[in-house]
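A short write-up of the structure that comes next.
There are 2 protein chains.
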Amino acid sequence: MGARKQGPEFDERMQMVLRGIIDSYIDHSEPVGSRTLSRQLEVQLSPATIRNIMSDLSELGFLTQPHTSGGRIPTDKAYRYYVDTLVVANQLPSHIERHLQELSLLGSTTPVEALLQNTSRVLAGLTQFVCLVTAPKSEVSRLQRIEFIKISARKILVILVTKSGIIRNKIIDTPEELAQEFLNTISAFLNDQFRNHSLSQIREEILRSMVEDKERYDQLLAQAVRLGKKAFEADQPEVLYMEGQFNLLKNERLRDSQSAQQLMDAFEHKSAIMSILDDTLNADGVKIFIGIENETEGLQECSLVTANYQNENNILGSIGVIGPTSMNYQQIIPVVDYTAKILSKAISEQAYD
Amino acid sequence: MGARKQGPEFDERMQMVLRGIIDSYIDHSEPVGSRTLSRQLEVQLSPATIRNIMSDLSELGFLTQPHTSGGRIPTDKAYRYYVDTLVVANQLPSHIERHLQELSLLGSTTPVEALLQNTSRVLAGLTQFVCLVTAPKSEVSRLQRIEFIKISARKILVILVTKSGIIRNKIIDTPEELAQEFLNTISAFLNDQFRNHSLSQIREEILRSMVEDKERYDQLLAQAVRLGKKAFEADQPEVLYMEGQFNLLKNERLRDSQSAQQLMDAFEHKSAIMSILDDTLNADGVKIFIGIENETEGLQECSLVTANYQNENNILGSIGVIGPTSMNYQQIIPVVDYTAKILSKAISEQAYD
DNA sequence: ATTAGCACTTTCTTGAGATGAGTGCTAATA
DNA sequence: TATTAGCACTCATCTCAAGAAAGTGCTAAT
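Take a look at the structure:
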């Protein structure tokens with residue numbers, strides 16, 4: 000004991016053992032013991048040696064023992080190390096690639112909403128986990144067209160089309176009746192003024208002009224700004240497509256009533272999940288959250304693998320997969336990555352110019 | 000034996016016992032035996048007598064025994080008899096009534112879609128079962144307004160607003176570029192022609208005029224019919240709002256992996272469930288499907304309680320609750336009934352005139 | 001017609017081995 | 001000095017038997 004300076008050192012053989020344990024646990028979902036591992040490893044190591052190494056790994060916090068005997072399982076820290084340095088992402092199997100490419104064949108009249116939902120569904124089916132897709136953020140979506148349609152005396156339907164292909168409907172009340180003619184003038188004005196601006200930008204500009212131009216309003220401008228304000232108000236919650244919640248119930252580990260309940264509760268709080276995804280929006284490539292790294296209650300026995308999708312101009316939203324921490328990262332990572340790329344491509348082609 | 004003519008007769012006491020068993024089973028979800036029941040029943044009957052009656056009820060197909068001993072449970076037939084003749088629907092508890100009334104306070108700018116989804120969510124929360132709400136059938140929905148918006152050279156956004164408040168967006172391709180001016184003329188024409196007609200009616204009329212007027216088309220009419228055909232085509236699947244799928248997992252009986260899996264599979268096939276709901280559209284009041292009466296695979300250990308909602312003119316769609324066959328019908332029936340009425344009221348107020 | 005009594009079933013629970021996989025430690029080995 | 005064999009020990013799981021609880025059908029008494 001006194002000979003060592005600061006706990007066991009982390010050499011190559013330790014890596015091998017750790018990788019072996021994680022691989023085995025990912026495959027079989029069962030604690031792995033020294034004897035079993037000794038048989039599986041390519042390098043010849045006796046169970047006793049492996050036990051020593053395992054003991055060191057436990058001390059370093061990479062392994063735990065569910066029971067005093069009965070093998071060890073990787074900790075979240077181990078998975079983190081695994082995905083950061085050990086894992087080499089697999090080649091994407093061709094049948095999966097083909098499957099995903101169908102998404103991009105959906106045809107140009109498919110609404111973006113359907114495209115997103117389909118992506119979510121396909122990805123959930125392929126991974127057999129829970130799949131998430133956020134709709135393009137209205138923050139960055141640029142205005143393609145806005146239109147007002149009078150549907151009754153004091154109700155106006157607002158149609159808002161963004162460059163990224165999102166179509167939003169909204170009904171607004173007006174204090175007095177406005178003629179359709181007049182509405183057309185206003186929408187023409189707004190289109191002219193704000194086309195290609197991002198929605199959040201537009202909101203700001205409208206607010207600003209309400210303050211600045213307060214006195215020198217003419218009738219039209221006043222109405223335009225007033226309607227515009229209502230029309231662009233971000234009062235609808237952002238949309239999150241979620242599919243395959245039931246897949247997780249197939250997982251033994253997560254099925255005991257307590258975890259299951261927690262999970263389902265977590266899924267009901269879409270806003271919490273959405274905010275995690277939003278936090279990844281500036282990151283590039285695939286990002287992974289393992290176990291306790293997820294702050295959301297109920298997801299702490301799960302891992303989340305996310306990636307962003309984008310058009311030529313902006314990062315629009317993100318996709319994600321939630322599965323057990325012992326998911327097969329080697330497979331999932333390239334699948335998520337590729338899906339994001341396919342979706343980016345599809346949504347770019349969809350965009351209106 | 001020889002004395003009785005055709006099996007046991009069904010007298011009042013038998014009814015009492017049957018009701019007692021069902022009530023008890025609904026409460027505790029556990030097979031009920033003669034001794035237990037004897038203690039619970041108001042009328043004094045010895046366990047032995049009850050055993051005799053139970054034996055008769057078994058013979059008549061109202062009870063089964065999961066094991067040779069260990070009490071009996073009601074069959075689907077028993078539940079059917081129960082809801083048909085024994086059950087007296089409870090008064091709606093006031094806290095539930097209050098809860099539901101909030102739905103009608105959602106304000107007139109709430110899109111109908113949000114109203115439906117909210118209804119589904121609230122009902123799922125109240126019942127702790129799965130709740131379904133179908134969107135108003137396009138068959139019966141009457142046209143309020145149609146509008147074409149050109150969003151790129153060969154793409155047109157169709158906005159279709161129905162009297163019942165549904166707003167549908169759709170993108171159609173056109174072979175040649177059409178000016179917005181021209182589109183306005185066409186939508187004016189279509190609005191004039193078809194306002195207040197039901198969508199299915201419109202579809203028919205368009206098809207008819209395509210055949211009849213084949214030669215004497217003028218340019219405008221031809222385009223109007225062509226665009227109208229695409230715009231009114233029923234190519235989007237009808238929408239079904241489903242909430243609370245996870246609630247069923249709380250139910251012991253349905254949680255074993257097999258049933259759970261089947262259930263989840265059933266929920267994935269929304270179209271099948273939708274068609275059940277559609278079949279109830281001409282029925283009045285609350286309708287109940289018990290266990291094997293559900294033809295849909297996977298729902299055969301569940302009961303479905305449905306009711307329709309409507310506006311002044313038409314039955315629009317239906318709502319439903321799916322729970323275990325041993326659900327508390329006395330409570331659920333009035334809840335579903337009342338919810339349908341609230342929804343009818345809310346949606347009528349929403350309608351555009 | 002109803003009920004008490006009784007023998008018999010069946011499930012569930014409990015506790016006592018037996019089994020198997022794994023562990024830590026020590027001493028022997030290369 | 002690093003590795004390995006050996007050994008005693010731990011723990012979860014399986015099996016089995018025995019007993020308790022609850023229920024059933026049948027028969028005979030009321």
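Protein chains in written order, with numbering that gives the first Met the number 0: chain A, 0 to 352; chain S, 0 to 352.
Where is the CB? At the ideal position from N, CA and C, for every residue including glycine.
Since we're looking at a predicted model, the values are computed, not measured.
One Cα belongs to S/Leu247, the other to S/His98, and the distance between them is close to 22 Å. Less than 8 Å separates the beta-carbon of A/Val320 from that of A/Val129. Secondary-structure assignment with DSSP links A/Phe288 through a beta bridge to A/Leu303.
In the structure shown, S/Leu91 adopts coil according to DSSP, grouped into three states.
Here the C-alpha atom of S/Arg153 lies approximately 6 Å from the C-alpha atom of S/Glu175. Using a 10 angstroms sphere on the CB of S/Gly227, the tally of other CB atoms reaches 16 or more, which defines it as buried.
S/Glu146 sits buried, since 16 or more C-beta atoms from the chains shown fall within 10 Å of its C-beta. According to the DSSP assignment, S/Ile165 belongs to no beta strand (DSSP E), since it is labelled neither H nor E. The continuous stretches of beta strand (DSSP E) do not include S/Leu125, which lies in the alpha helix (DSSP H) extending over residues Val111 to Thr126. Of the candidates S/Val285, S/Glu300, S/Ser137 and S/Leu315, S/Ser137 places its Cα closest to the Cα of S/Ala233.
Collapsing the DSSP output to three states places S/Met241 in a strand.
Residue A/Glu267 holds the alpha-carbon nearest to the alpha-carbon of A/Glu242 among A/Glu267, A/Pro236 and A/Leu156.
Note on geometry: alpha-carbon atoms of A/Gln192 and A/Phe181 lie some 17 Å from one another. Judged by DSSP secondary structure, A/Arg50 falls within the alpha helix (DSSP H) whose first and last residues are Pro46 to Leu59.
Bridge partners of A/Lys149 according to DSSP: A/Ile155. DSSP places A/Thr184 inside the alpha helix (DSSP H), whose first and last residues are Gln179 to Phe193. The alpha-carbon separation between S/Arg38 and S/Lys249 amounts to approximately 29 Å. Cα atoms of A/Thr84 and A/Pro30: separation of roughly 22 Å, rounded to the nearest angstrom. Any Cβ of chain A closer than 8 Å to the Cβ of S/Val16 would place that residue at the interface, and such an atom is absent. Within chain A, no C-beta atom comes less than 8 Å from the C-beta of S/Ala230; the nearest is roughly 12 Å away. Closer than 8 Å to the CB of A/Lys344 there is not a single CB belonging to chain S. Residues of chain S whose Cβ lies closer than 7 Å to the Cβ of A/Arg71 do not exist; the shortest such Cβ separation is about 28 Å. Rounded to the nearest whole angstrom, the CA to CA distance from A/Tyr81 to S/Arg120 is 41 Å.
Runs of alpha helix (DSSP H) with 4 or more residues, each lying fully within the stretch 8-40 of chain S, are found at 11-27 and 33-39, listed in chain order.
The beta carbon of A/Gln329 does not come within 8 Å of any beta carbon belonging to chain S, so the residue lies off that interface. In summary, S/Arg79 is buried, with 16 or more beta-carbon neighbours lying within 10 Å of its beta-carbon over all protein chains present. Contacts with chain A at 8 Å (Cβ-Cβ) include S/Leu156.
The residue among S/Thr338, S/Ala350 and S/Ser347 with its C-alpha nearest the C-alpha of S/Pro92 is S/Thr338. Excluding its 5 nearest sequence neighbours in each direction, S/Met273 has C-beta neighbours in its own chain below 7 Å: Thr133, Glu237 and Leu239, listed in chain order.
The beta-carbon separation of A/Leu122 and A/Phe61, rounded to 30 Å, does not stay under the 8 Å limit for a contact.
With a beta-carbon spacing of about 6 Å, S/Ile155 and S/Lys149 fall inside the 8 Å limit used to define contacts. Scanning chain S for C-beta atoms nearer than 9 Å to the C-beta of A/Val129 yields nothing, as the closest lies near 12 Å away.
Per the Cβ contact rule, the stretch 312-328 of chain S is not in contact with the stretch 99-113 of chain S (fewer than 3 Cβ pairs under 8 Å). For A/Pro135 against A/Leu276, the beta-carbon gap comes to about 12 Å, at or over 8 Å, which does not count as contact. Around the beta-carbon of S/Asn195, fewer than 16 other beta-carbon atoms lie within 10 Å, marking it exposed. Taking the Cα of S/Ala88 as reference, the smallest distance to any Cα among S/Tyr351, S/Val285, S/Glu296 and S/Glu294 is reached at S/Val285.
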